[in-house]
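J.:
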Amino acid sequence: MSRLRKAVWIACAVLSWGSYATGMLLLYVISDNPYRWVEDIDPQTSADAFASNGDARIVTIGILVLLLLTQGTHALCTSRRRVRGICVGLMALACLAWMWWN
199 MSRLRKAVWI ACAVLSWGSY ATGMLLLYVI SDNPYRWVED IDPQTSADAF
249 ASNGDARIVT IGILVLLLLT QGTHALCTSR RRVRGICVGL MALACLAWMW
299 WN
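When we follow the working numbering, the leftmost residue of the sequence shown carries the number 199, and every step to the right adds one.
(1) Report whether the distance from the Cβ of V227 to the nearest heavy atom of the ligand ZN is below 7 Å.
(2) Between the Cα of L294 and those of L213, S200, L262, spot the shortest distance and give me the residue it belongs to.
(3) What's the call for S214, buried or exposed, on a 16-neighbour Cβ count within 10 Å?
(4) Grab me the residues of T268's own chain with a C-beta within less than 8 Å of its C-beta, minus the 5 sequence neighbours each way, in chain order.
(5) Under three-state DSSP, which class holds R278?
(6) Taking Cβ positions, are A292 and L266 nearer each other than 8 Å?
(7) Let's test the definition: count the other Cβ atoms within 10 Å of the Cβ of M289 and tell me whether it reaches 16, buried, or not, exposed.
(8) Going by beta-carbon coordinates alone, are Y226 and W298 separated by less than 8 Å?
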């Protein structure tokens, strides 16, 4: 049973850190001022319209919430204080990055 528990713990940690790294990358890309990636995805949507109508802010808030949920869940599920501290620090970093990039 301890092998299964350890495998689940490792899988959760990998998922948590991987989703955090991916989420921060997405947050940075989406928060980029030119929003050129919008025109690549949908040619009928201009980057200026996406930036001005608030869609970019809604998307980045959604990503921020997902980052906070994954790190918060990881912090609650672990029994190690050091990991909890790292998770809380990364949650604060995500909030600061969101405020800085937006």
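Backbone N, C-alpha and C define an ideal beta-carbon position, used for all residues, glycine too. Please read all numbers here as calculations on a predicted model, not as lab measurements.
T.: Answer, in terms of the structure:
(1) Looking for the ligand ZN in the displayed structure turns up nothing, as the structure carries no ligands at all.
(2) L262
(3) buried
(4) L213, S214, S217, Y218, G221
(5) coil
(6) yes
(7) buried
(8) no
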